[in-house]
Amino acid sequence: MEDIAGRIDSIKSTLPEGVKLVAVSKFHPTEVVMDAYRAGQRIFGESRANELQEKASTLPDDVEWHFIGHLQTNKVRQIIPYVSMIHSIDSGRLLKIVNDEALRYGRKVDVLLQIHVALEETKFGFTPEELMEFAESWDSDDMPGIRVRGVMGMASNVDDEERIRADFRTIASTFDSLAAGPMSDNDNFDTISMGMSHDYMTAVECGSNMVRIGTTIFGEREY
Ligand SMILES: *Cc1c(COP(=O)(O)O)cnc(C)c1O
10 MEDIAGRIDS IKSTLPEGVK LVAVSKFHPT EVVMDAYRAG QRIFGESRAN ELQEKASTLP
70 DDVEWHFIGH LQTNKVRQII PYVSMIHSID SGRLLKIVND EALRYGRKVD VLLQIHVALE
130 ETKFGFTPEE LMEFAESWDS DDMPGIRVRG VMGMASNVDD EERIRADFRT IASTFDSLAA
190 GPMSDNDNFD TISMGMSHDY MTAVECGSNM VRIGTTIFGE REY
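Here it is as structure tokens:
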């Protein structure tokens, strides 16, 4: 408990004002998440629908649950009652399903559009070109169940600091192009979610205002 509070504090002390911390609690038990809650943390990130639902049903209501993993369309309905932001919108089809389910529940859900720039093919998301094209053809009036808040991305999983920096710059400049272009009439478009335990300082230097940190807070995950 002391440890978790201390680690959250020390991360926060390195974050400039205006950068939000998502504590990534996936694979960690509810008691441990509760320790972080008692330390004042309110935003938690999960990557599996079942786990998010279970934890959300147990933890206090003022937690903001963020879904950060790949979201299968058949899992959307399960998380909609609990989730406040979905970081991982990687197709127009998924966006539409989130909108439709949110409307069914009378909710408005914040979403981020996931950008794929990393070297690994296992990562999901639109390429910057695909995303620009998608955003140009997209009309927010058609989807009152969602608010498109910005973008999310991951850097390549490499040691090469320059490659990581280049990936984050690409994500941030795609955000800028969207904000100046197809999203220019969207006042809610303000979030760049990038940076994890090992690279969040670089991400913040490149313009991130939301970091997703798991291991540094909770320790290694046991899958
Ligand atoms: C697991 C995960 C994180 C947290 O990674 P750590 O290295 O544990 O900080 C961040 N973002 C996404 C999308 C994840 O799946």
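Note that my numbering gives residue 84 to position 75 of the sequence shown, counting from 1, and the numbers run on in steps of one. Virtual Cβ for every residue (Gly too), placed ideally from N, Cα, C. Quick caveat, the model's predicted, so the values are computed rather than measured.
Item checked: Proximity to Phe135 [Cα-Cα], best of Lys35, Phe76, Ser100 and Ser206 -> Answer by Cα proximity: Ser100.
Notebook entry, point to check: Near Lys105, which residues of its chain fall below 6 Å by C-beta distance, leaving aside the five closest residues on each side in sequence?
Noted result: Here the set comprises nothing.
Checklist line | Inter-stretch contact at 8 Å, needing at least 3 Cβ pairs: the stretch 122 to 132 / the stretch 160 to 178 | finding: The way I'd put it, the stretch 122 to 132 does touch the stretch 160 to 178; three or more beta-carbon pairs between them come closer than 8 Å.
Notebook entry, point to check: Under a Cβ-count criterion, where at least 16 other Cβ atoms within 10 Å of its own Cβ denotes burial, should Glu110 be classed as buried or exposed?
Noted result: Buried, because 16 or more other Cβ atoms sit within 10 Å of the Cβ of Glu110.
Check: Can the beta-carbon of Pro137 be found less than 7 Å from the beta-carbon of Thr183?
Finding: With a cutoff of 7 Å on beta-carbon distance, Pro137 and Thr183 are scored as near each other.
Item checked: For Asn218, the nearest candidate out of Arg230, Met205 and Thr224 (CA to CA) -> If we check each option's Cα against that of Asn218, Met205 comes out closest.
Notebook entry, point to check: Where Ala45 and Ala14 are concerned, what is the direct C-alpha to C-alpha distance, given to the nearest angstrom?
Noted result: Cα to Cα, the separation comes out at about 6 Å.
Margin query: Contact defined as beta carbons within less than 8 Å: I believe Leu30 pairs with Val213. What is the distance between those atoms, to the nearest angstrom?
Written below: In this structure Leu30 does not touch Val213 by the C-beta definition: roughly 11 Å separates them, more than the 8 Å allowed.
Checklist line | Option nearest Gly228 by Cα separation, candidates Lys35, Thr23 and Val107 | finding: Among Lys35, Thr23 and Val107, the Cα nearest to that of Gly228 is on Lys35.
Notebook entry, point to check: Regarding Val107 and ligand 1, is the C-beta to nearest heavy atom distance less than 6 Å?
Noted result: The nearest non-hydrogen atom of ligand 1 is 6 Å or more from the C-beta of Val107.
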